[in-house]
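K.L.:
Under my numbering, think of the first position of the sequence shown as 308, with each following residue one higher.
Below: one structure in structure tokens.
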Amino acid sequence: GVTVSDMTLKQAKYHPIHVVATDNADVTDTIIKNVHIIDPGQQAIKINQNSAKTHFADKGIISGCRIELTDAGRQKVFEINSSCYTGGVDGHQARGWEVRDNVIEGFWCEKGKVCPNMGFTSGAAAVIRLWNATDSLTILVE
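Below is the structure:
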């Protein structure tokens, strides 16, 4: 596995961190810790299977991170995508991820839909996630 840690990533056009399986192998045991991501153009952390959907990015950890979309970043999202296409963590067909001790905030747009702070979809399973349900715009993952 690969470890991404102890850094700040700002204003990436698309995904500052993109974990994706290769055409020939699964990607497992990725660790993302103590990373501060500010104003991603799309999803801050994107997790995908390969294009043929035969290999997957599974069993990772995202911990101790701060992921945020500021007012300035929110405007850039529309410039890049012509829509509110952004979010904190987005996993597709990702299994066994542990997401804890993170702060994810600010993912909403003045126009369009409310963006998900965190979503695991398209066959994702066995993902552990807990959040503060009192505020729909801030997720504190433990």
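The beta carbon of each residue, even a glycine, is placed where N, CA and C say it ideally should be.
Based on the DSSP secondary-structure assignment, which residues constitute the bridge partners of residue 395?
P.N.:
Numbered from 1 along the sequence shown, position 88 holds the residue referred to as residue 395. Residue 395 is not bridged to any residue.
K.L.:
Assuming residue 345 contacts residue 375 (C-beta within less than 8 angstroms), just tell me the rounded distance between them.
P.N.:
Within the sequence shown, numbered from 1, the residue matching residue 345 stands at position 38. Within the sequence shown, numbered from 1, the residue matching residue 375 stands at position 68. Confirmed, Cβ separation roughly 6 angstroms.
K.L.:
From 335, 384, 349, 322, pick the residue whose C-alpha is nearest to that of residue 310; which is it?
P.N.:
Locating residue 310 in the sequence shown gives position 3, where the first residue counts as 1. With distances taken between Cα atoms, residue 310 lies closest to 335.
K.L.:
Output needed for residue 312: all residues of its chain with C-beta closer than 8 angstroms, excluding positions within five of it in sequence on either side, in chain order.
P.N.:
The sequence position of residue 312 within the sequence shown is 5, counting from 1. Once the five neighbours on either side are set aside, the close Cβ partners of residue 312 are 338, 339, 340, 341, 342.
K.L.:
What does the Cβ neighbour count give for residue 356, buried or exposed, with the cut at 16 atoms within 10 Å?
P.N.:
What you label residue 356 is simply residue 49 of the sequence shown in a count that begins at 1. Counting the other Cβ atoms within 10 Å of the Cβ of residue 356 gives 16 or more, which makes it buried.
K.L.:
If you draw a straight line from the C-alpha of residue 405 to the C-alpha of residue 369, how long is it?
P.N.:
Counted from its first residue, the sequence shown places residue 405 at position 98. Counted from its first residue, the sequence shown places residue 369 at position 62. Their backbone Cα atoms lie some 6 angstroms apart in a straight line.
K.L.:
Give the secondary structure of residue 312 by DSSP, where H, G and I count as helix, E and B as strand, and everything else as coil.
P.N.:
The residue you call residue 312 lines up with position 5 of the sequence shown. In the structure shown, residue 312 sits in a strand (DSSP, three-state: E or B).
K.L.:
When burial is assigned at 16 or more other CB atoms within 10 Å of the CB, is residue 331 buried or exposed?
P.N.:
Counted from its first residue, the sequence shown places residue 331 at position 24. Result: exposed.
K.L.:
State the CB to CB distance for the pair residue 347 and residue 377, rounded to an integer number of angstroms; the pair is presumed to be in contact (CB under 8 angstroms).
P.N.:
In the sequence shown, counting from the first residue as 1, residue 347 sits at position 40. In the sequence shown, counting from the first residue as 1, residue 377 sits at position 70. Contact between residue 347 and residue 377 is ruled out by a C-beta separation of about 11 angstroms, above the 8 angstroms threshold.
K.L.:
May I have a chain-ordered list of the beta strand (DSSP E) segments no shorter than 3 residues that lie completely inside the segment 362-394?
P.N.:
368-370, 373-375
K.L.:
Mind checking residue 443: buried by the 16 CB within 10 Å criterion, or exposed?
P.N.:
Translated into the one-based positions of the sequence shown, residue 443 becomes position 136. Reliability fails at residue 443, whose pLDDT of 44 lies under 50, so the model's placement of it is uncertain and the value that follows must be treated cautiously. So residue 443 counts as exposed.
K.L.:
Is residue 356 helix, strand or coil when you go by DSSP?
P.N.:
Against the sequence shown, residue 356 aligns to sequence position 49. Here residue 356 sits in coil by DSSP.
K.L.:
If you check the beta carbons only, do residue 326 and residue 359 fall under 7 angstroms apart?
P.N.:
On the sequence shown, position 19 is the one that residue 326 refers to. On the sequence shown, position 52 is the one that residue 359 refers to. No, the Cβ-Cβ distance between residue 326 and residue 359 is not below 7 angstroms.
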